[in-house]
Amino acid sequence: MAEFTMPALGADMTEGTLLEWLVHPGDRVARGDIVAVVDTAKAAIEVECFETGTVERLLVEPGATVPVGAAMAVIDTVKSAPEPAPGLAPEPARAGGPGATPLVRHLAEDSGVDLAAVHGTGPGGRITRADVVAAVPGKWTGKRQVAPRRPATGAQALPSGSRVRATPLARRVAAEAGLDLATVTGTGTDGAVRVSDVRAVIGTASPPTPPPTPPAPSPESAQTRAAADRQQAMRRAVGDLMARSKREIPHYYLSTTVGLSPAIDWLRARNRQLPVSKRLVPAALLLKAAALAAREVPQLNGFWTDGGFVRAPAVHLGVAVALRGGGLVAPAIHDAADLSPAELMARLRDLVTRARAGRLRGSETTDPTITVTSLGDQGVEAVFGVIYPPQVALVGLGRVVERPWAVDGMLGVRPVVTATLSADHRASDGATGARYLAALDRLLQKPEEL
1 MAEFTMPALG
11 ADMTEGTLLE
21 WLVHPGDRVA
31 RGDIVAVVDT
41 AKAAIEVECF
51 ETGTVERLLV
61 EPGATVPVGA
71 AMAVIDTVKS
81 APEPAPGLAP
91 EPARAGGPGA
101 TPLVRHLAED
111 SGVDLAAVHG
121 TGPGGRITRA
131 DVVAAVPGKW
141 TGKRQVAPRR
151 PATGAQALPS
161 GSRVRATPLA
171 RRVAAEAGLD
181 LATVTGTGTD
191 GAVRVSDVRA
201 VIGTASPPTP
211 PPTPPAPSPE
221 SAQTRAAADR
231 QQAMRRAVGD
241 LMARSKREIP
251 HYYLSTTVGL
261 SPAIDWLRAR
271 NRQLPVSKRL
281 VPAALLLKAA
291 ALAAREVPQL
301 NGFWTDGGFV
311 RAPAVHLGVA
321 VALRGGGLVA
331 PAIHDAADLS
341 PAELMARLRD
351 LVTRARAGRL
361 RGSETTDPTI
371 TVTSLGDQGV
381 EAVFGVIYPP
391 QVALVGLGRV
401 VERPWAVDGM
411 LGVRPVVTAT
421 LSADHRASDG
431 ATGARYLAAL
441 DRLLQKPEEL
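Next up, the structure:
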């Protein structure tokens, strides 16, 4: 038996609130399957399982707040895949069997699809979400799914026991407002209910019976209170972590100005040959150069734990993402140094979108090895950041601006960017930090090699 425990989804997390279980007792799970949604002070995060086996018991009810490390479920790791009877071929994947993740099984259940009749196209014949969606009868035209729509007026009740597809944030806002999600028309993918759908209903819903007395001054809505509470919790979490960082980490700061003429010229030539959707922006090259420089100077890529520095085996580049309601998260792009600039750009877009939608995964919040922060899109030319413990360095990138710039004795106007480094003096010295910025500069002068 193994315990699924409340994970630490960040250095500042001490407890979390279970929003939703995505598995039930008896479900088979594999390492990496998303099994629950947990609410932290910063965001709702999808949490993966680190064991393979069968869910024996769920120990925590949705809505409960438990400390990091507390047991939330028991997983029987002994109950492996059933042994086929002698002389019989293995059975095809079926509902509840090993050929589908819990999320895929839930999707199949919601869509009325029998997994035993679905051919898996994933690794090892595993049934994927696309296989289930393709098996939904009468819901596809070409390659695009036509999601069923409920009537715009007068929501249609779902059959008893049906599970409404909704984002975690939509579920939380609906619960706080006492709204039944089954009465909300979803406008998301496959008809999923989004938080905007819930808020639209909350804002337009009429009371069931007219009040007998004139209405009192409008009280603060549940939605407003929830947003205010969330923002307060976020500010408190960010403040506590940054105070700890400034209190415990002896920062030193370096900066340099990097000429970007080769990088910008290379980008323009490349982008002219591509459709708009595949064109790159300078941030892709800056992130790739930051990751490669961290691999070249490993003294800045790792953690300060137990009184010493521990190098990370790979570069998991944390990127600071400002949330729409205020606050900050810094999830990781894993193995960033091994990705092409185009792959990095795609990963960054996906990460920012999911961070702002409350759909980050636990593995993305726990292991960034060095963080990059940029406020260039807001006009800031230089940012000196605060290190995110237990990391030992943070890279700041400003806005790309044109300045007078001398090259080989010739003065001209060229694009440049100010790159900064905040580093932990316990793990490195200024000379090490200077090597990092020099590597960043050198890499950006040969963009074709990134």
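Sequential numbering of the sequence shown, starting at 1, is according to UniProt numbering. Ideal placement from N, C-alpha and C gives every residue a C-beta, glycine not left out.
Item to check | Cross-strand partners of L410 (DSSP beta bridge) | outcome: If you number the sequence shown from 1, residue 410 lands on position 410. Going by the sequence as given, residue 410 is Met instead of Leu. M410 is bridged to V407.
Item to check | Per DSSP, cross-strand counterpart(s) of S422 | outcome: Reading the sequence shown from its first residue, position 422 is the one you call residue 422. Looking at the DSSP assignment, S422 forms a beta bridge with Y253, L394.
Next on the checklist: Is the separation between the beta-carbon of A71 and that of L59 shorter than 7 angstroms?
Outcome noted: Mapped onto the sequence shown, residue 71 falls at position 71. Mapped onto the sequence shown, residue 59 falls at position 59. Their beta carbons are under 7 angstroms apart, which means A71 touches L59 by this criterion.
Item to check | Integer-rounded CB distance, given that D424 should sit under 8 angstroms from V392 | outcome: Your numbering for residue 392 matches position 392 in the sequence shown. Your numbering for residue 424 matches position 424 in the sequence shown. Confirmed, about 4 angstroms.
Next on the checklist: In the DSSP output, which residue or residues are listed as bridge partners for G302?
Outcome noted: On the sequence shown, residue 302 is found 302 positions in, with the first residue counted as 1. The partner list for G302 (beta bridge, DSSP) reads R311.
Checklist entry - For E61, which three-state DSSP category applies? => result Position 61 of the sequence shown holds residue 61. If DSSP states are grouped into helix, strand and coil, E61 belongs with coil.
Next on the checklist: Can you check which of these residues, A108, D76, R399, H24, is closest to A283 by C-alpha distance?
Outcome noted: Counting from one through the sequence shown, the residue named residue 283 turns up at place 283. When each option's Cα is compared against that of A283, the closest is R399.
Item to check | Where the beta strand (DSSP E) containing M72 begins and where it ends | outcome: Within the sequence shown, numbered from 1, the residue matching residue 72 stands at position 72. It spans 71–76 - the beta strand (DSSP E) in which M72 sits, taken as one unbroken run.
Checklist entry - Whose CA, out of G53, R194, A64, lies closest to the CA of T77? => result The count along the sequence shown starts at 1 and reaches residue 77 at position 77. Of the listed residues, the one whose Cα sits closest to T77 is G53.
Checklist entry - In whole angstroms, what is the alpha-carbon distance linking E3 and A64? => result For the purposes of this step, residue 3 is taken as the residue at position 3 of the sequence shown. For the purposes of this step, residue 64 is taken as the residue at position 64 of the sequence shown. Cα to Cα, E3 sits roughly 17 angstroms from A64.
Next on the checklist: Excluding the 5 residues flanking K246 on each side, which residues of the same chain have their C-beta closer than 7 angstroms to its C-beta?
Outcome noted: Counting from one through the sequence shown, the residue named residue 246 turns up at place 246. Here the set comprises V386.
Checklist entry - Distance, Cα to Cα, S277 vs T353? => result Within the sequence shown, the letter at position 277 stands for residue 277. Within the sequence shown, the letter at position 353 stands for residue 353. Cα to Cα, S277 sits roughly 16 angstroms from T353.
Checklist entry - Ordered along the chain, which non-local residues of its own chain (more than five positions away) have a Cβ less than 7 angstroms from that of A431? => result By 1-based counting over the sequence shown, the position of residue 431 is 431. Excluding the 5 residues flanking it on each side, A431 has no same chain C-beta neighbour closer than 7 angstroms.
Next on the checklist: I need the DSSP call for G16, collapsed to helix, strand or coil.
Outcome noted: Here residue 16 refers to the residue found at position 16 of the sequence shown. The answer is strand: DSSP assigns G16 an E or B state.
Next on the checklist: Quick check: what's the CA-CA separation for A294 versus V315?
Outcome noted: For this step, residue 294 is matched to residue 294 along the sequence shown. For this step, residue 315 is matched to residue 315 along the sequence shown. Roughly 7 angstroms separates the two Cα atoms.
Item to check | Spatially closest choice to D240 from A41, R199, A166, by CA coordinates | outcome: Walking along the sequence shown from the start, residue 240 turns up at place 240. With distances taken between Cα atoms, D240 lies closest to A41.
Next on the checklist: Restricting to Cα atoms, I'd like to know which of P262, L328, L360 is closest to P415.
Outcome noted: If you number the sequence shown from 1, residue 415 lands on position 415. For the residues P262, L328, L360, the minimum Cα distance to P415 belongs to P262.
Checklist entry - Hey, L328 and A322: beta-carbon distance below 7 angstroms or not? => result Against the sequence shown, residue 328 aligns to sequence position 328. Against the sequence shown, residue 322 aligns to sequence position 322. Yes, these two residues count as a Cβ contact at 7 angstroms.
Checklist entry - Using 8 angstroms as the Cβ pair cut-off and three pairs as the minimum, do the segment 370–378 and the segment 402–411 touch? => result no
Item to check | Nearest-angstrom Cβ-Cβ length linking V319 and V372, presumed shorter than 8 angstroms | outcome: As a working note, residue 319 is residue 319 in the sequence shown. As a working note, residue 372 is residue 372 in the sequence shown. With 8 angstroms as the limit, V319 and V372 qualify as a contact, their Cβ atoms being about 6 angstroms apart.
Next on the checklist: Quick check: what's the CA-CA separation for S255 versus R359?
Outcome noted: Taking the first residue of the sequence shown as 1, we reach residue 255 at position 255. Taking the first residue of the sequence shown as 1, we reach residue 359 at position 359. Spanning the two alpha carbons is a distance of roughly 34 angstroms.
Item to check | C-alpha distance - F309 paired with D131, whole-angstrom precision | outcome: Here residue 309 refers to the residue found at position 309 when the sequence shown is read from its first residue. Here residue 131 refers to the residue found at position 131 when the sequence shown is read from its first residue. Near 46 angstroms, if we compare the C-alpha coordinates of D131 and F309.
Item to check | Completely contained alpha helix (DSSP H) runs for the segment 319–393, where each covers 4 or more residues | outcome: 341–356, 362–366
Checklist entry - Alpha carbon to alpha carbon, how far is F50 from I34? => result Counted from its first residue, the sequence shown places residue 50 at position 50. Counted from its first residue, the sequence shown places residue 34 at position 34. CA-to-CA, the gap between F50 and I34 works out to about 10 angstroms.
Checklist entry - Exposed or buried, which one is V413 when buried takes at least 16 other CB atoms within 10 Å? => result The residue labelled residue 413 in the question sits at position 413 within the sequence shown. With fewer than 16 Cβ atoms within 10 Å of its Cβ, V413 is classed as exposed.
Item to check | Sub-7 angstroms separation of T365 and G10 beta-carbons | outcome: One-based indexing of the sequence shown puts residue 365 at position 365. One-based indexing of the sequence shown puts residue 10 at position 10. Yes, they are a contact pair.
Checklist entry - Who are the near neighbours of P67 in its chain, counting only those whose CB is closer than 7 angstroms to its CB and skipping five residues on each side? => result Position 67 of the sequence shown, counted from the start, is the residue given in the question as residue 67. Closer than 7 angstroms at the Cβ level, and outside the excluded window around P67, lie M6, T14, E15.
Checklist entry - Excluding the five sequence neighbours on either side, which residues of its own chain have a C-beta within less than 7 angstroms of the C-beta of G259, listed in chain order? => result By 1-based counting over the sequence shown, the position of residue 259 is 259. Contacts found: W405, R414, V416.
Checklist entry - A44 lies in the beta strand (DSSP E); which residues open and close that run? => result Locating residue 44 in the sequence shown gives position 44, counting from the first residue. 44–48 is the span of the beta strand (DSSP E), which, as asked, contains A44.
Item to check | D429 versus L274 - alpha carbon distance | outcome: To locate residue 429, count along the sequence shown from 1; it is residue 429. To locate residue 274, count along the sequence shown from 1; it is residue 274. Between D429 and L274, the alpha-carbon positions lie close to 43 angstroms from each other.
Next on the checklist: Tell me which residues share the same chain as G325 and place their Cβ nearer than 8 angstroms to its Cβ, disregarding the 5 neighbours each side in the sequence.
Outcome noted: Counted from its first residue, the sequence shown places residue 325 at position 325. Non-local C-beta neighbours of G325 in its own chain, meaning closer than 8 angstroms and more than five positions away in sequence, comprise A227, R230, Q231, M234, ordered along the chain.
Checklist entry - Does the beta-carbon of S422 have 16 or more other beta-carbons within 10 angstroms, so that it is buried, or is it exposed? => result Here the question's residue 422 lines up with position 422 in the sequence shown. S422 should be labelled buried.
Checklist entry - DSSP beta-bridge partners for L317? => result Position 317 of the sequence shown, counted from the first residue, corresponds to residue 317. I333, I370.
Checklist entry - Quick one: what does DSSP say D39 is sitting in, helix, strand or coil? => result By 1-based counting over the sequence shown, the position of residue 39 is 39. In this structure, D39 counts as strand in the three-state DSSP scheme.
Checklist entry - Apart from the five residues just before and just after R279, which ones in its own chain have a Cβ nearer than 6 angstroms to its Cβ? => result Start at 1 with the first residue of the sequence shown, and residue 279 comes out as number 279. Here the set comprises N271.
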